[in-house]
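Notes to accompany the following structure.
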Amino acid sequence: MPKNDLTSRTDVSILALEVWHVISSRTRNCLGRLDKATDPTSTVAGVRIEEMRLSDLSRCESVSVIRLPNLGRVCYCEIAAVMDRYGWRFHRRWNSKPELPALQLLGASLPRYLQMATQAAEIRRQNFARGERMMQLRDREGLSGAEIGKQFGITGAAASLTIQKTRRILELRARLPLPPAPAAL
13 MPKNDLTSRT DVSILALEVW HVISSRTRNC LGRLDKATDP TSTVAGVRIE
63 EMRLSDLSRC ESVSVIRLPN LGRVCYCEIA AVMDRYGWRF HRRWNSKPEL
113 PALQLLGASL PRYLQMATQA AEIRRQNFAR GERMMQLRDR EGLSGAEIGK
163 QFGITGAAAS LTIQKTRRIL ELRARLPLPP APAAL
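The working numbering applies: residue 13 is where the sequence shown begins, and numbers increase by one.
Written out as structure tokens, the structure is:
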């Protein structure tokens, strides 16, 4: 069975990819620009970023995605890696046939961009783990924002904001689980 067959795809929400730190907030924000309700040629018109899924991106051309303002090559690499991981392909405009794997567009630069995307994902995970530690200090030990901030070398307001953001991510993760990639066939 070819990898492009519907049975080998997993349709993941873009928001889930962000809250699980697979893609960056910047990438998600740029993808939100694909929803051009006033543009009748928009491939994902009417699909808000909060509801956008990989199947919506598969209706786009890779060129349309890579040309999004502020996206950049590393953000494109995040998208392309996710599309490939979950079995999706961008489509060609004129014949609606699937394109080659999205990562191939990066050519010889691919290893460098993959490394940069991997490093950025690791930093996001480390920052989230830091937020979880701060949240535990508040919830379990009853420390104030100022006390937590002092331990982490930041202001109390920054510590409180980090805790608030961490709670929101945990709530979203409970609502939006990240499915495993389909098995390669």
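Even glycine gets a Cβ: it sits at the ideal position worked out from N, Cα and C.
Where residue i falls, given that 16 or more other Cβ within 10 Å makes a residue buried
i, result
"residue 157", "buried"
"residue 90", "buried"
"residue 121", "exposed"
"residue 65", "buried"
"residue 135", "exposed"
"residue 36", "buried"
"residue 56", "buried"
Within 7 Å, strictly: CB atoms of residue i and residue j
i, j, result
"residue 144", "residue 178", "yes"
"residue 33", "residue 133", "yes"
"residue 206", "residue 129", "The structure shown does not extend to residue 206, since the chain is modelled only from 13 to 197, so the question has no answer here."
"residue 150", "residue 175", "yes"
Anticipated Cβ contact below 8 Å, residue i with residue j, distance rounded
i, j, result
"residue 92", "residue 117", "7 Å"
"residue 24", "residue 190", "7 Å"
"residue 74", "residue 102", "4 Å"
Sequence-distant residues of the same chain with beta carbon closer than 7 Å to residue i, five excluded per side
i, result
"residue 181", "31, 140"
"residue 161", "167, 168, 170, 171"
"residue 21", "98, 99, 100, 194"
"residue 137", "33"
"residue 125", "85, 86, 89, 118"
"residue 96", "113, 114, 115"
"residue 147", "175, 178, 179"
Residue of the options minimising C-alpha distance to residue i
i, options, result
"residue 195", "166, 99, 120, 168", "99"
"residue 114", "147, 58, 71, 155", "71"
"residue 83", "58, 44, 146, 56", "44"
"residue 188", "38, 63, 58, 59", "63"
"residue 192", "104, 94, 163", "94"
Same chain, Cβ closer than 8 Å to residue i, five either side skipped, listed in chain order
i, result
"residue 40", "26, 27, 29, 30, 61"
"residue 80", "42, 43, 45, 46"
Neighbourhood of residue i by C-beta distance below 6 Å, restricted to the same chain and skipping five residues each side
i, result
"residue 18", "Because residue 18 carries a pLDDT of 46, less than 50, the predicted location of this residue cannot be relied on, and the following value inherits that uncertainty. Excluding sequence neighbours, residue 18 sits near nothing in its chain."
"residue 59", "47, 68"
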